[in-house]
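>
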Amino acid sequence: MTLTLIWLIAFAVLLILFLKRWEASVSRILDALLPAVLRSEDDRWIWSPALAVLGATFIIRPVDMLLTVIVIGLLALIATKLAGWLINKVDQP
Numbered sequence: 161m162t163l164t165l166i167w168l169i170a171f172a173v174l175l176i177l178f179l180k181r182w183e184a185s186v187s188r189i190l191d192a193l194l195p196a197v198l199r200s201e202d203d204r205w206i207w208s209p210a211l212a213v214l215g216a217t218f219i220i221r222p223v224d225m226l227l228t229v230i231v232i233g234l235l236a237l238i239a240t241k242l243a244g245w246l247i248n249k250v251d252q253p
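Residue numbering for the sequence shown follows my numbering, beginning at 161 and increasing consecutively.
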């Protein structure tokens, strides 16, 4: 129960901060990172809660989040290397 309460408080605080600072900083950072396909007119109401969930979860369980990011990164690296290897094999006559 305590972890849930801490998570809810962290989520609320982060959501308020993201919504308040959207125009000043968060929007510019996301515009630089995201491709055009993932942007829309109402990004504030989509990305702010998503970032608040990630931030609150990172506050509560940082090791789990870090290990998840490492595993996803390794899987992406392996998939990229495998795709490059397959493309090279297909291109060779």
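Note that the Cβ used here is the ideal one computed from N, Cα and C, for glycine as well.
Taking three-plus beta-carbon pairs below 8 Å as touching, is the region 199-207 in contact with the region 169-188?
Cβ pair count under 8 Å is three or more, so yes.
> Below 8 Å, how does it come out for the region 218-230 and the region 240-247: are there three or more Cβ pairs, yes or no?
Counting Cβ pairs under 8 Å, fewer than three are found: no touch.
> In whole angstroms, what separates the C-alpha of Thr-162 from that of Leu-234?
Their Cα atoms are separated by approximately 33 Å.
> In the structure shown, what three-state DSSP assignment does Glu-201 receive?
DSSP places Glu-201 in coil when its eight states are reduced to three.
> Check this for me: beta carbons of Phe-171 and Leu-211, under 8 Å apart or not?
Not a contact, by the Cβ cut-off of 8 Å.
> Excluding five sequence neighbours on each side, which residues of the same chain lie with their C-beta closer than 8 Å to the C-beta of Leu-175?
Same-chain partners within the cutoff: Ser-208, Pro-209 and Ala-212.
> DSSP on Ala-188, reduced to helix/strand/coil?
Reading the sequence as shown, one finds Arg at residue 188 and not Ala. Of the three classes helix, strand and coil, the one that applies to Arg-188 here is helix, per DSSP.
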